[in-house]
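In the numbering used here, the protein residues as written are 7 to 210.
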Amino acid sequence: MDKKLLSALILAAAMITGCADDTQVANKSSRNFHASKAAISEARKVAEICARHAPDGSRAIASLKSVGFKESPNFTKERSESVPKPSGKISLEYLEKRNLGLVVYVFSHIPADNDHMFLDNFYCSIAVQNMSAEQASLLSKTWIDRFEATEDDLFRGVHVQNQILEFQALTEGSQIQIHILQSTSHIEGRGTAVALRYQERGRN
């Protein structure tokens with residue numbers, strides 16, 4: 007998809023769905039704020055790592071740490087304690103590069119054979135301070151292209167309240183959602199985020 011068309015669709019979807027009023031839409035414009043090239047370049051590397059290792063969260067986390075990401079003391083303990091504890095293997099980490107205003111949340115669940123509780127098998131969100139909607143749309147293309155995702159509704163996915171736009175893809179045995187989010191609590195101040203949600207079909 008042409009990147010100008012993608013950006014226009016993001017802003018139009020925000021207005022149509024009520025996710026953002028005119029002021030919020032204007033604030034997402036790159037004229038108002040813009041993440042640094044260094045931060046976006048690093049975020050793109052994160053997106054590639056998450057796509058490459060999904061749905062194995064432990065490998066994604068190890069790979070991120072190998073390129074300099076550190077555990078975020080602001081989130082890890084608090085968030086991990088609030089996550090349900092199903093049987094099976096859980097990987098959960100908040101990682102950051104504070105100098106770039108970049109926070110990554112990675113979660114994965116490999117269920118035990120007798121565990122039928124529904125959870126995302128893999129979730130990776132990338133939040134960047136001052137990242138505009140246009141920058142987020144371009145960042146999401148890493149996943150859109152990798153999984154050949156579309157704006158079509160291919161399945162009934164998880165609804166995300168602060169979502170601007172969503173893409174979906176189906177692979178053998180799995181369903182994938184790619185979210186572009188107008189805001190996130192993972193960073194201080196303004197900035198958008200993107201998220202990759204990877205689920206085994208049949209568990210919900």
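Where is the CB? At the ideal position from N, CA and C, for every residue including glycine.
Nothing here was measured: the structure is a model prediction, and the numbers come from that model.
Inter-residue Cα distance where the pair is residue i and residue j
i           : j           : result
residue 97  : residue 62  : 9 angstroms
residue 171 : residue 112 : 21 angstroms
residue 203 : residue 54  : 14 angstroms
residue 47  : residue 149 : 15 angstroms
residue 64  : residue 51  : 17 angstroms
residue 66  : residue 176 : 21 angstroms
residue 127 : residue 58  : 15 angstroms
residue 160 : residue 167 : 19 angstroms
Environment of residue i [buried if 16+ CB atoms lie within 10 Å]
i           : result
residue 165 : exposed
residue 178 : exposed
residue 162 : exposed
residue 221 : As displayed, the chain neither begins before 7 nor continues past 210, which places residue 221 out of reach and without an answer.
residue 60  : buried
residue 88  : Summary for residue 88: the model assigns pLDDT 49, below 50, so the residue's position carries little reliability, and this model does not support an answer.
residue 72  : exposed
residue 141 : buried
residue 188 : buried
8 angstroms contact criterion, which residue i and residue j should meet: CB distance rounded
i           : j           : result
residue 199 : residue 131 : 6 angstroms
residue 195 : residue 133 : Going by Cβ atoms, the distance from residue 195 to residue 133 rounds to 11 angstroms, so no, they are not a contact pair.
residue 108 : residue 45  : 6 angstroms
residue 158 : residue 174 : 7 angstroms
residue 146 : residue 193 : With a Cβ gap of about 17 angstroms, residue 146 and residue 193 do not count as contacting.
residue 110 : residue 144 : Rounded, the Cβ-Cβ distance is 18 angstroms, inconsistent with contact.
residue 49  : residue 129 : No, residue 49 and residue 129 are not in contact; Cβ-Cβ is about 16 angstroms, not under 8 angstroms.
Beta bridge counterpart(s) of residue i as assigned by DSSP
i           : result
residue 130 : 112, 202
residue 98  : 113
residue 71  : Its beta-bridge partners do not exist; DSSP assigns none.
residue 172 : 185
residue 156 : 174
### Message
Is it the case that the region 170-182 contacts the region 138-154, given that we only count it when at least three CB pairs across the two stretches are under 8 angstroms?
### Response
yes
### Query
Using 8 angstroms as the Cβ pair cut-off and three pairs as the minimum, do the region 40-55 and the region 129-147 touch?
yes
### Task
Please determine if the region 64-78 and the region 102-118 are in contact, where contact requires at least 3 C-beta pairs separated by less than 8 angstroms.
yes
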